[in-house]
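*Asks:* Chains as they are written, first to last, in the numbering used here: chain A, 1 to 235; chain B, 1001 to 1861. We put the beta carbon where it would ideally sit given N, CA and C, even for glycine. Everything numeric in this text was worked out from a predicted model, so none of it was measured.
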Amino acid sequence: MKIEYIGKCLLINDKDEKVLVVGDLHLGYEEAMNRSGVFVTREMYNEMIKEFDEIFLNVGRVEKIILLGDVKHAFSGNLSQEWNDVLRLIEYLKGKCMELIILKGNHDNYLVNIARKGEIEVEKNYFWNGFMFLHGDVDSVELYDKKIEYWVMGHAHPAIKISDGSKIEKYKCFLAGKYKDKKVIILPSFFPLVIGSDVREDLNVPWEFDVENFEIKVVGDNLEVFDFGKVKKIR
Amino acid sequence: MAEITYINQSSSEEVNGILNPLVKEWFFGKFKDFSLTQLYGVKNIYGRKNILVSAPTGGTKTLTAFLGIINYIVELALKNELENKIYAVYVSPLKALSNDISVNLISPLAEIRELAEKKGLVMQEVRVALRTGDTEKKERVSQSKHIPHIFITTPESLAIVLTTTKFVESLKALEFIVVDEIHALTNKRGVYLSLTLERLCDASLIEPVRIGLSATIAPLDEIAKFLVGSERDCLIAEVKLLKKIEIGLDFPGESILEGESTGNLKKFYQMIDELVDKSKTVLIFTNTRNATERIIHHLQLSFPGKYEGLIGAHHSSMSKEKRFEIEDRLRKGELKVVVSSTSLELGIDIGGIDLVVMVKSPKSVSRALQRIGRAGHKLHDNPKGRFIVLDRDDLMECGVIMKRMIEKDIDKAEIPKNALDVLAQQIYGMAITRIWDVDDMLKKIRQSYCYKDLSKDDFFSVVSYLAGDYALEHRHVYAKIWYDVEKKQIGKKGMLARVIYMTNVGTIPAEGFIGVVIGAGEGKGRDVGQIDEGFLEKMKRGDIFVLGGQKYQYLFSRGMKAFVRAGVTRNPTIPSWFSEMLPLNFEVGLGIGRFRKLVKEKIDDKEKCIKFIQEYLYCERYVALEMYGYFLEQNEFSEIPDEKTIVVEKFKQEKEYLLFHSCYGRRVNDALARAYAFAAGRLKHRDVEMGINDHGFFLSGVELDEKSILSWVKSKDLKEILKEAIEKTDILKRRFRHCASRSLMILRNYKGRNKSVGKQQVHSEFLYTAVKKISNEFPILREARREVFEDLMDVKSAELVLKWIEEGSVKFKVHRVPIVSPFGLNLIVQGRSDIIKLEDKAVFLKRMHDLHLKVIKEKGK
């Protein structure tokens, strides 16, 4: 069983089954911005597809693709951009795998309507080969089942500020560590417009993770991911 | 061609001659004679001549403007010929005008009416209405029903009125426009107003007379043209009141260097206390809100109970009610001390101030004069002012400013030209008012002095932006206007256009200030001040910084709040936060350079030198002595920089530093620093850190080869270099967000949702990135660059400095020094720093990762 970090995604290879895991997408973000009086244009979808193209070029077809939730952005309804982009994305991703699984995030209250049109049911969480995939906004009893080895989640939009003493730059990152008897992996958000929040400040998940002792892998350009070891080692 | 003419005063008889007998009787019942300002202005205003009246604050300008108008209107009212229309519009950038208007307009009208009644004369009612952002709907509706004859308003409300359907009709035959406090409009707000005035002239069938009122400012020709537009004539009444200014320069304690210790601060408060005891009311200017609060806090702490109820603060972050309260109490003489950041510079009548104290340099002569003008409310009192400085750079700066004040050497103000974001907002407003022929619209815009050279390309690119062209297939979402290329017409789009315009008008960007709150430990929940977005981005959890004199440790941030821990004793890990300070005027900077040269020539003869300083700066001996000491230290350490010599000091302090003593003001130094930092960065392809203040700038980096760096920057290349350089720093992003707000890319109020600043806080990074994907020449992005180049920095003067260096009239002198020099200390400690990031973000990550692995390997050994 191999776990690989490819750009902002996780690739799990187990018994010749390849599973690609994708973090928060927040499709429809730009329209939501427009509606609150900020006029930015809509480039995000195309940019994300470009990134996906790169990933699939690298990884080839996979058996499963799992979206960890917050696929769309607007809480209280479905914006036209969301109908458009979510359906397009579903079609695209279906063409790259055997099975597409979509989890429900806290922004996905009305996602089910769109997903149904794309012939997909939205799930609360998904279990496969010892991995429990969830969004990461709520704790629940079934997560502690003995047969679960890994928790793989999104939601937190983990990022890290790296400084050399004069300059500071912020990057998206993965966090991997232990919690009780579980191994936890948190994915960065996939959507490119916002980097995320520094993990040392406020992780915003319902569990008290020992973040300082988690391993951090920082996402660079061209799908490169850099292992910086434990969070506490970063200056 | 438009003529600007300076005029002389009229005689009392001449002014008398134009006054209606009733008005004459009223006037002389209240006043002994016409003031000098009135002798300059009244007759010309009555005679319908465009005029700019410039007089020191307190020079009865407001009544001067109104007297001629009141005279005319009263005459009509007596003859029963007063129509239901607005005769005169009065615009002031101040939020609250009530008291001034009350004293100078409403009371006179009421008193004249009383007099008329007494004499058995029948007079029509003269209606005055006030409209600002705070005017309630009920009142506005009433104004529509009972059209006022004189309309008092703010620049923003005037723009809104022009887009109404009914009320705007009352402006069809406007006869007078009065613009007050023009000296406070040498910025985008003024640019906005200049277009609003052209729109006003478009709404009115007759061309109204323009009357501008200004405090001391230069150059008056420019300001006159700004008032009347590029094609109209204007008279200038430069009223030189023979007020002698009593001004002094002082510092607490025996020597300023004690200043760092709390002991000297105690002496500072004692000094203030003594001054307050000797006066009835003292007004203290501090430049920043934090300093304002600190001074009040410490005064009360040092003299417990003494200032209870007698001291107040005044700054623009305070609520309107609180500010009114202070102004009111000041007028009534109930306060002994008021401490203001800069907000009380503008001319609201605040009664009798005996003494104006300026703590920290006001940075320009005109500002200093405006501040002192607040003292001595009666025309014949001599204004008394005092500079109290706490560091030696301020000592020198205030000394030179003081000299120029006494010699009436006023620095020049600048008005932004061709600002595309303001243009976007105004084109939108114009399109809402009616459909325009494109050529007519451009012609009208060019009548504003601020846009007389607007290019067709710039105009059409803004039209393109407003029409949604940049959004391609989503045009319908973004378009605010439609542009019919064939018919050559522009009109508004969407039913919400008027509402959007009315609720989002303005040029003052919603400041993205982050509130700092104690998040843990003692004092949890307490609000301790503000920092800006840029500062927050540079902080990591655990960083210790100074805010308002106290140390805090940053924990995390959420939304618009940063949470910290107080009671920190360890040293700061990052530089203190300083709000963007007023920049030193370039001319004053040159004046300091000139002064330094004259002192340098005499430095070896102590007595001669001290005497010279005393005479040159009109200061006391102990002040001259202190300055001499500062010069001597610098001279012995390396060399005194002056107007012909830019001393460049090279030293090592972890990194290599190149410190330039270029006394040209922050705006010029910003441009020079970035250019040289860029040069330095290019050579090694690494980032270079820079710090700037009014007296110089420094570069710091891994290896700085001063020979190549100094010779690389040429005046002819400056613009190109800077264009690239600013793309790699934060300043452009931040200014872009302001411009986006002004050009209505970001709306404060949309579809009924009034967002708190927090919710509408769109991160600069996000917006900038999103826009760059559209086009690098997006007009609003171009405007942000222009604003950074021309308003924030002063690229023109920086080019001039480089030319002087190329001609040889200014030379670089490089000195290798062991540590930072006396003149450079403040810069290193306080200089606002930024980084020219020449290293790619991804490359940086790789480099940091390699470093990180190395460190881990070392530790493992």
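Is the separation between the beta-carbon of residue 1547 of chain B and that of residue 1826 of chain B shorter than 9 Å?
*Replies:* It is not a contact, given that the beta carbons lie outside the stated cut-off.
*Asks:* Give the residues of chain A in contact with residue 1394 of chain B, contact being defined as C-beta atoms less than 9 Å apart.
*Replies:* Under the 9 Å cutoff, chain A gives no residues; its nearest Cβ is about 28 Å from residue 1394 of chain B.
*Asks:* Between the Cα of residue 1017 of chain B and the Cα atoms of B:1031, B:1027, B:1003 and B:1043, which residue gives the shortest distance?
*Replies:* Nearest C-alpha to residue 1017 of chain B: B:1043.
*Asks:* Closer than 7 Å by C-beta to residue 112 of chain A: which residues in its own chain qualify, once you throw out the five before and the five after it? Chain order, please.
*Replies:* Contacts found: 122.
*Asks:* Who are the near neighbours of residue 1156 of chain B in its chain, counting only those whose CB is closer than 6 Å to its CB and skipping five residues on each side?
*Replies:* Hits under 6 Å: 1505 and 1506.
*Asks:* Per DSSP, which one or two residues make a beta bridge with residue 1661 of chain B?
*Replies:* BP columns for residue 1661 of chain B point to B:1647.
*Asks:* Once you ignore the five residues that flank residue 1788 of chain B on each side, which residues in its own chain have a CB closer than 8 Å to its CB?
*Replies:* Closer than 8 Å at the Cβ level, and outside the excluded window around residue 1788 of chain B, lie 1726, 1731, 1732 and 1735.
*Asks:* With respect to the beta strand (DSSP E) encompassing residue 1489 of chain B, which residues constitute its N-terminal and C-terminal limits?
*Replies:* Counting along the chain, the beta strand (DSSP E) containing residue 1489 of chain B begins and ends at 1489–1492.
*Asks:* Could you name the residues that DSSP lists as bridge partners for residue 1436 of chain B?
*Replies:* Residue 1436 of chain B is bridged to B:1490.
*Asks:* Kindly say whether residue 148 of chain A, judged by its beta-carbon, lies nearer than 9 Å to any beta-carbon of chain B.
*Replies:* It does not: the Cβ of residue 148 of chain A has no partner Cβ on chain B nearer than 9 Å.
*Asks:* Relative to the alpha-carbon of residue 75 of chain A, which residue among A:100, A:110 and A:52 has its alpha-carbon at the smallest distance?
*Replies:* If we check each option's Cα against that of residue 75 of chain A, A:110 comes out closest.
*Asks:* Is residue 168 of chain A close to chain B, meaning its C-beta is less than 9 Å from at least one C-beta of that chain?
*Replies:* For residue 168 of chain A, the answer is yes, since a Cβ of chain B falls inside 9 Å of its Cβ.
*Asks:* Under 7 Å, CB to CB, which of the residues in the stretch 30–50 of chain A have a partner in chain B?
*Replies:* From the stretch 30–50 of chain A, only 34, 36, 37, 38, 39, 40, 41, 42 and 43 have a Cβ closer than 7 Å to chain B.
*Asks:* Indicate the three-state DSSP secondary structure (helix, strand or coil) for residue 1794 of chain B in the structure shown.
*Replies:* In this structure, residue 1794 of chain B counts as coil in the three-state DSSP scheme.
*Asks:* Apart from the five residues on each side of it in sequence, which residues of its chain come closer than 7 Å, Cβ to Cβ, to residue 1233 of chain B?
*Replies:* So the qualifying residues of the chain are 1002, 1003 and 1050.
*Asks:* Residue 1034 of chain B by DSSP, collapsed to three states: which one?
*Replies:* Coil at residue 1034 of chain B, not helix or strand.
*Asks:* Shorter than 9 Å from the beta carbon of residue 200 of chain A to some beta carbon of chain B?
*Replies:* So, interface residue.
*Asks:* What do you get for residue 1286 of chain B, buried or exposed, if any count of 16 or more other CB atoms within 10 angstroms of its CB means buried?
*Replies:* With 16 or more Cβ atoms within 10 Å of its Cβ, residue 1286 of chain B is classed as buried.
*Asks:* Excluding the five sequence neighbours on either side, which residues of its own chain have a C-beta within less than 8 Å of the C-beta of residue 1769 of chain B, listed in chain order?
*Replies:* None.
*Asks:* State the start and end residues of the unbroken alpha helix (DSSP H) segment that holds residue 1712 of chain B.
*Replies:* Taken as a continuous stretch (DSSP letters only), the alpha helix (DSSP H) holding residue 1712 of chain B covers 1706–1712.
*Asks:* Counting only Cβ-Cβ distances shorter than 7 Å, please list the residues of the stretch 158–183 of chain A near chain B, keeping chain order.
*Replies:* Flagged, chain order: 161, 162, 163, 164, 166, 167, 168, 169 and 171.
*Asks:* By Cβ distance, which residues of its chain are closer than 6 Å to residue 1 of chain A, with the 5 residues on each side in sequence left out?
*Replies:* Excluding sequence neighbours, residue 1 of chain A sits near 14.
*Asks:* For residue 157 of chain A, does the three-state DSSP call read helix, strand or coil?
*Replies:* Residue state, collapsed to three classes: coil.
*Asks:* Is the stretch 1621–1640 of chain B touching the stretch 1235–1254 of chain B, taking contact as three or more C-beta pairs under 8 Å?
*Replies:* Result yes; three or more Cβ-Cβ pairs closer than 8 Å.
*Asks:* In whole angstroms, what is the alpha-carbon distance linking residue 1311 of chain B and residue 1339 of chain B?
*Replies:* So the alpha carbons of these two residues sit roughly 8 Å apart.
*Asks:* Output the boundary residues of the beta strand (DSSP E) element that contains residue 1823 of chain B.
*Replies:* First-last for residue 1823 of chain B: undefined, no H or E at that position.
*Asks:* Does the distance from the C-beta atom of residue 1171 of chain B to that of residue 1161 of chain B stay below 9 Å?
*Replies:* Contact: yes.
*Asks:* In the DSSP output, what is residue 1346 of chain B paired with across the bridge?
*Replies:* Paired residues: none, contrary to the question.
*Asks:* Can you tell me the Cα-Cα spacing of residue 1483 of chain B and residue 1153 of chain B, whole angstroms?
*Replies:* Taking the straight line joining both Cα atoms gives about 32 Å.
*Asks:* Have a look at the DSSP bridge pairing and note the partners of residue 1551 of chain B.
*Replies:* Beta-bridge pairing links residue 1551 of chain B to B:1546.
*Asks:* With DSSP as the reference, label residue 1739 of chain B as helix, strand or coil.
*Replies:* It is helical.
*Asks:* Between residue 1073 of chain B and residue 1087 of chain B, how many whole angstroms is the CB-CB distance? I'm expecting something under 8 Å.
*Replies:* Right, the Cβ-Cβ distance comes to about 6 Å (below 8 Å), so this counts as a contact.
*Asks:* When the cut-off is 9 Å and only beta carbons count, does residue 191 of chain A lie next to chain B?
*Replies:* Chain B contact via Cβ: absent.
*Asks:* Under 9 Å between beta-carbons, which chain A residues line up against residue 1556 of chain B? List them in chain order, please.
*Replies:* Residues of chain A passing the Cβ test: 197, 198, 200, 201 and 202.
*Asks:* Ordered along the chain, which non-local residues of its own chain (more than five positions away) have a Cβ less than 8 Å from that of residue 1521 of chain B?
*Replies:* For residue 1521 of chain B, where only same-chain residues beyond five positions count, the Cβ hits under 8 Å are 1565, 1566 and 1567.
*Asks:* Assuming residue 1501 of chain B contacts residue 1432 of chain B under a Cβ cut-off of 8 Å, what Cβ separation, rounded to an integer in Å, is found between them?
*Replies:* Right, the Cβ-Cβ distance comes to about 6 Å (below 8 Å), so this counts as a contact.
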